[in-house]
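J.: Dumping the structure here so I can ask a few things about it.
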């Protein structure tokens, strides 16, 4: 008895018992090469993918379909989305600024309550910060 290729599965009918699987599995491939070499052609032709369409020479490639025309309402829709985006961005910016203000207030309050940890320093002059400069003439 020989194996039979049906659809995308191959079944053994007695010559190689227990051989069952999908095309491409190593177990089926090994069993076919040893037990039933006459089924190798059927096994290789049984592919789960359809053949690729071939283009005839001389014909131009097909043109993609054009997009549908936009309705006049799309301009109003874009304006509405822009307004919503502006409002949402402004609100998020206000929330971020509020959090920054709260953070600065907490830091300033801590400095005010613990003056021993933050002594007053005299301001530096530019002459102390910058290196001595000699012009080259």
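In full-length UniProt numbering, the protein residues as written are 1 to 137.
The C-beta atom is built at its ideal place from N, Cα and C for all residues, glycine as well.
#1: Could you tell me the alpha carbon to alpha carbon distance between residue 125 and residue 132, rounded to whole angstroms?
#2: By the DSSP assignment, the alpha helix (DSSP H) with residue 130 in it spans what residues?
#3: Quick check on the DSSP output: the alpha helix (DSSP H) that includes residue 145 runs from which residue to which?
#4: Are residue 167 and residue 129 close, meaning C-beta to C-beta below 8 Å?
#5: Taking only three categories from DSSP, how would you classify residue 118?
#6: Taking the alpha-carbon positions, what's the residue 89 to residue 109 distance?
T.: Let me lay it out:
#1: Rounded to the nearest angstrom, the gap between the Cα atoms of residue 125 and residue 132 is 13 Å.
#2: Secondary structure note for residue 130: it is in no alpha helix (DSSP H), with a DSSP letter that is neither H nor E.
#3: Residue coverage of the chain in this structure runs from 1 to 137, which leaves residue 145 outside it and unanswerable.
#4: Not covered by the structure: residue 167. The range shown for the chain is 1 to 137.
#5: Looking at residue 118 - three-state DSSP - the assignment turns out to be coil, as it is neither helix nor strand.
#6: Looking at the two C-alpha atoms, the distance is approximately 30 Å.
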